[in-house]
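All remarks here apply to the structure that follows.
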Amino acid sequence: MKEKNFLSLGKKLWPLNRSLTGVGVRQTLNILKKYNNRLKIIKFKSGKKVFDWTIPREWIVREAWIKDDKGKKIVDFKKNNLHLVGYSEPVNKTISFDQLKKKLHFHKNQPKAIPYVTSYYKRDWGFCLSYNQFKKLKKNKSYHVYINSKFKKGFLDCAEVYLPGKSKKEIFFSTYICHPSMANNELSGPILSIFLSQWIKNIRNRKWSYRFIFIPETIGSIAYLSKNYRKLKKNVIGGYVLTCLGDEREYSFLPSKFKDSISDKIAREVLTKNKKSFIEYNWLESRSDEIQFCSPGIDLPIASLMRSKYGKYPEYHTSLDTFGRVVTIKGLNGSFKILKNIIKVFEESLFPKAKIKCEPQLGKRGLYPNLSKKNSVKHDTRLIQYFLSYSDGQNRIKDIAKKCRVSIKKILKIKKVLEKEKLITYLQ
Amino acid sequence: MKEKNFLSLGKKLWPLNRSLTGVGVRQTLNILKKYNNRLKIIKFKSGKKVFDWTIPREWIVREAWIKDDKGKKIVDFKKNNLHLVGYSEPVNKTISFDQLKKKLHFHKNQPKAIPYVTSYYKRDWGFCLSYNQFKKLKKNKSYHVYINSKFKKGFLDCAEVYLPGKSKKEIFFSTYICHPSMANNELSGPILSIFLSQWIKNIRNRKWSYRFIFIPETIGSIAYLSKNYRKLKKNVIGGYVLTCLGDEREYSFLPSKFKDSISDKIAREVLTKNKKSFIEYNWLESRSDEIQFCSPGIDLPIASLMRSKYGKYPEYHTSLDTFGRVVTIKGLNGSFKILKNIIKVFEESLFPKAKIKCEPQLGKRGLYPNLSKKNSVKHDTRLIQYFLSYSDGQNRIKDIAKKCRVSIKKILKIKKVLEKEKLITYLQ
Amino acid sequence: MKEKNFLSLGKKLWPLNRSLTGVGVRQTLNILKKYNNRLKIIKFKSGKKVFDWTIPREWIVREAWIKDDKGKKIVDFKKNNLHLVGYSEPVNKTISFDQLKKKLHFHKNQPKAIPYVTSYYKRDWGFCLSYNQFKKLKKNKSYHVYINSKFKKGFLDCAEVYLPGKSKKEIFFSTYICHPSMANNELSGPILSIFLSQWIKNIRNRKWSYRFIFIPETIGSIAYLSKNYRKLKKNVIGGYVLTCLGDEREYSFLPSKFKDSISDKIAREVLTKNKKSFIEYNWLESRSDEIQFCSPGIDLPIASLMRSKYGKYPEYHTSLDTFGRVVTIKGLNGSFKILKNIIKVFEESLFPKAKIKCEPQLGKRGLYPNLSKKNSVKHDTRLIQYFLSYSDGQNRIKDIAKKCRVSIKKILKIKKVLEKEKLITYLQ
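Chains as they are written, first to last, in numbering that gives the first Met the number 0: chain A, 0 to 427; chain B, 0 to 427; chain C, 0 to 427.
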């Protein structure tokens, strides 16, 4: 069931011409909304200043092709939206091969791959094609290049799913929605995020709140932070950038700038328990929105979770990054399991705080033997006392177990009792 | 002299029927007051809320016995107050052996011992007897059980001895006064505490203030803290729970939850100097009022000092815990010496603070050679300077000695000079 | 050029009768002012309280000599101002050899040396002479001692050179101006300080502000601090006491009380780079104004820089501490070079702070490729991102280089870019 959905959502999102802005992003978000009705669109107006940046105009493309001298379309945006350089300006002219060549992008060493190229912040135009396609072009002919695009004032579209939990403290996930038809370095992130958000929605009585943001990379996280960073600084206790999670290669993990935040600890714990080797990158390999989340003055404890890291696998940023070749059901399932396990660990991670000064009267709650005789107080009763003595809002249950020198299982039993009796509250 | 007093006080306190509340506690406190007239009674009214607890009613017992079918008293509270379960409700009826048996407490494996049993917080009644006594009961006879007790609104009685010193910063001792006739796990604590308080009273010009509290265990420390914890948090620099200090077995020490507080350091130093091995327990062995003193939000640096730890010696909580069998003059004397040594170390432990910004003018105080010649400044003058440079209220004299790389003896000489010249003050 | 100046300034300052106060100090400061016109005199009135001290009266000496029974001047202040005990009160009488002897100071083991002796804070008088001179005195003759001195209300004269830089954060130097004719333990300090201040004045666009104070030892630093310590605590990021820097022996360094302040780190770095062994003393060897600067409540990060440490070389505090014998051009030059290197390191030591929250838009500044293609982002662009992520005002450039795992050279290149683009500011 879930497997089918991963792929069927992937199929729907695949052909859309995502970019920083525009119809493709809106269509993407509208489709995602069908998978979790809590998804809320957040719009930033073109021209708005967000920290150092300005929200760009919307880019609209109707048609884009190259015709040969016989009028035959030899490169067509309709066939693959990677053929058009992102944010290309309009053009309509007949040019020589030499002029055309300057505007063409291909990878000689990946002759079948259409590369992914954008020119977001400087007006330009261009086409991308495979080296094999390029080789077929005739040098002494002329070519008709046509791009029917325009830029208009509009909006940068982002979205978020906020799932309130018992605590306002939240776990934060960020994924991006600005790449056209590529499977691992784009669609694996939103697909897993939306299904994960739906899965979390169904966790009854979840402890933490969860937030997923779907944003164009960089400009989107900056726009979102410019509006929300104070709130996030107050509430976020952990979180991750989700990207490149669909392949079957090794898991990889890029810790936050702080190296040993709760996000870092829990990701390491879960990946270690997974019993397959994983790569731990270093902050100096960060390339995505974690740069914004960990920047001075923002300082959120956000790490990154991936399988093959962006930039490290051959199909990255080309038309070869497809479902089937790179992203598989097995790959997505594995990552989904890891993500669920991380959430499970967070859900189990409480930071108890004693509600009552001094020891509570355990006897009136049936937690202390009424008849006080030698050896009548059981180890569990003692554990209640020690647990409470460490319930200062600084220790996870796990840490308390370690300090009490008992198993997690044991300490969870005590936790349950203390919760029932309303003797502890949690960091919130 | 002192030896006799230990025992003679012990004899007076032994027969009193101490419990959480009631005549026995009041008699105990009145006797203690004769040994230190600074002892002040503190009363908490029945029904008063103290944090999570409620002050119980007073328990009054006039008579309690079991008669056999021939009218012979076979168990009598007058002979040993351990025979009656603490806080027993009144009863007066003739019952079968089988019915009686359910209300009897004995230790098969300690056939001569009357166990100590209470039922403070749930209405119940019962008798304690030795297994040897129990074995003599006839199974086919009936028994008359009679408990003339009552509960009335009254007070929980505590007491404190406060001995102001030059500084308001205080060393805090807590001991309990709620156990009936048992020598080590009860009387050793109040006996040593009251004599120690008297001994401290006679320390002329003591640096620190001292506070001893005499409280029923748990409810007493909670009641006391509910009223005083803010003041204690401000002033207490160290302290100990005093219990089970009368036997001749190994000393034991249970550090505070903070593991390396000044109380922990000094107890370790003194016990190490004592040249006999001692047991250092762990916070996870805490069972007494230190749980309250170290609880989150209270966080006082209170450790526990014992010889045989409560619960760890065979006579614990039985009628075998007697003077002679468990508690001896030698045992009490040893502990008293340790306690005096701890106090001596505290008295020597100052946390100097320079009174004057920059170096004081030592010359006008005769501390610097008037005639400044090569090598005319002695090492001691230099030490004055270095001592002052470390007098930031964070270092003990001992720590300053270490930083200055000189002996304690040397640094104490400098301290004296600086005191005389009023160039330093102390943490206060 | 510079060499000549060192010596020519030394010659001018040499004969002046410096002391805590008086004409000699004023003449000294007036001469120094000619070498840096930014020097500003700061006066403290006699009788004024400065922390624990009182500003003394001015000491004025017109004449001081000992005549033998034949009227021949055998000791004359005019020949060497070390002959007169500093702050000697007036005297005019004929006394026996035995009476005279009590007022004479000499070093048997340095028969040619006139010792340096003062009696600042207790009224006294006396003469200093070489042991060789002393040996010539006839025991059965009488002597005429004459000191034409007086004390009058006046001022303690200090001076400072403040050189504002781009930042208000400052590097602080202190040197003393209260010793009469001695070269290493006095003149090397003010000479190097004034030339260094002049050298710094000529550093265009210096990052930090610099402050040099010229003060009588102890009383001067205390007076200065009493007026300025709050300002210094706010602005001083590093600094040194400069003394005994003119000889050719090993360099020595006495770290601040804090052991690893930025001043300590940079002095160690520069002395280590100098490739000659140097002595690192310990706080327990501090003897000069660093005691004031590091005293509790002042707590400035001030270390001391020396060649032969005061008190550690044979000519110290005698007439043998001369230009030529102890202080040489080579010695002064060496120290001057070290000081300049320290300043260079400070000038290079920036504590970057990102000006913009989140990543700045590098593309619009030409720092990010307009055309985003696989592998189009260079390592340098990444370094910009990491550099910014560590620009929290806590790390030196050097520390950031280490965190980014690149050379200083590389990181300085990035710094330049970020400065140019106004993307970072610095601790100020």
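No residue lacks a Cβ here, since even glycine has one placed at the ideal position from N, Cα and C.
Who are residue i's beta bridge partners in DSSP?
{"i": "A:A302", "result": "A:Y239"}
{"i": "C:E62", "result": "C:N147"}
{"i": "C:A158", "result": "C:I40 and C:F213"}
{"i": "A:A353", "result": "A:I423"}
{"i": "B:G153", "result": "Its beta-bridge partners do not exist; DSSP assigns none."}
{"i": "B:F172", "result": "B:F211 and B:Y239"}
{"i": "B:V344", "result": "Paired residue(s): none; B:V344 is not in a bridge."}
{"i": "C:P110", "result": "Note: C:P110 sits in no beta bridge, so no partner."}
{"i": "A:L103", "result": "A:F126"}
{"i": "C:D391", "result": "C:K352"}
{"i": "B:K48", "result": "B:T53"}
{"i": "A:S251", "result": "A:I278 and A:M305"}
{"i": "C:V326", "result": "C:F322"}
{"i": "C:Y142", "result": "C:I94"}
For residue i, tell me which candidate among the options has the shortest Cα-Cα distance.
{"i": "C:I199", "options": "C:E284, C:E346 and C:S118", "result": "C:E346"}
{"i": "B:S276", "options": "B:C243, B:E249 and B:K264", "result": "B:E249"}
{"i": "C:K137", "options": "C:P110, C:K66, C:K264 and C:F76", "result": "C:K66"}
{"i": "C:Y119", "options": "B:V416, B:G392 and B:L361", "result": "B:L361"}
{"i": "C:G153", "options": "C:Y367, C:P55 and C:V376", "result": "C:P55"}
{"i": "B:F43", "options": "B:T424, B:C127 and B:E57", "result": "B:E57"}
{"i": "B:A63", "options": "B:K48, B:A353, B:K363 and B:P89", "result": "B:P89"}
{"i": "A:S148", "options": "A:N4, A:V74, A:L253 and A:Y86", "result": "A:Y86"}
{"i": "C:N91", "options": "C:G125, C:T424 and C:I413", "result": "C:G125"}
{"i": "B:L186", "options": "B:Q109, B:K373, B:F5 and B:L387", "result": "B:F5"}
{"i": "A:E159", "options": "A:F171, A:K167 and A:K414", "result": "A:F171"}
{"i": "C:K71", "options": "C:K140, C:N227 and C:I221", "result": "C:K140"}
{"i": "A:D391", "options": "A:L426, A:I413 and A:L19", "result": "A:L426"}
{"i": "C:P110", "options": "C:D97, C:K135 and C:Q98", "result": "C:K135"}
{"i": "A:S7", "options": "A:R37, A:I41, A:L191 and A:W52", "result": "A:L191"}
{"i": "A:K409", "options": "A:N394, A:Y223 and A:R381", "result": "A:R381"}
{"i": "A:I59", "options": "A:K329, A:V84 and A:K419", "result": "A:V84"}
{"i": "A:T93", "options": "A:A112, A:Y142, A:F257 and A:R61", "result": "A:Y142"}
With a 10 Å radius around its C-beta and 16 neighbouring C-beta atoms as the bar for buried, classify residue i as buried or exposed.
{"i": "A:M0", "result": "Its pLDDT being 45, under 50, A:M0 is placed unreliably by the model, and nothing is read from it."}
{"i": "B:H82", "result": "buried"}
{"i": "A:S371", "result": "buried"}
{"i": "B:S95", "result": "exposed"}
{"i": "C:N201", "result": "exposed"}
{"i": "A:D379", "result": "exposed"}
{"i": "A:K69", "result": "exposed"}
{"i": "B:G46", "result": "exposed"}
{"i": "A:R122", "result": "exposed"}
Please check the pair residue i and residue j, which I expect to be a contact at CB under 8 angstroms, by giving their CB distance rounded to whole angstroms.
{"i": "A:S262", "j": "A:S251", "result": "So it is not a contact: roughly 15 angstroms between Cβ atoms."}
{"i": "C:I193", "j": "C:N35", "result": "5 angstroms"}
{"i": "C:F292", "j": "C:I301", "result": "4 angstroms"}
{"i": "A:R17", "j": "A:C157", "result": "Rounded, the Cβ-Cβ distance is 13 angstroms, inconsistent with contact."}
{"i": "C:V116", "j": "C:C127", "result": "5 angstroms"}
{"i": "A:L417", "j": "A:I355", "result": "Wrong, their Cβ atoms sit about 11 angstroms apart, outside the cutoff."}
{"i": "A:L349", "j": "A:I396", "result": "5 angstroms"}
{"i": "A:C243", "j": "B:L283", "result": "Not quite, the Cβ-Cβ distance comes to about 45 angstroms (not below 8 angstroms), so this is no contact."}
{"i": "C:T217", "j": "B:E358", "result": "7 angstroms"}
Establish whether the CB of residue i and some CB of chain F are separated by less than 9 angstroms.
{"i": "A:L283", "result": "This model lacks chain F altogether, as its protein chains are A, B and C."}
Whole runs of the beta strand (DSSP E) within the region 66 to 95 of chain C, excluding any shorter than 3 residues | 72 to 75 and 90 to 95
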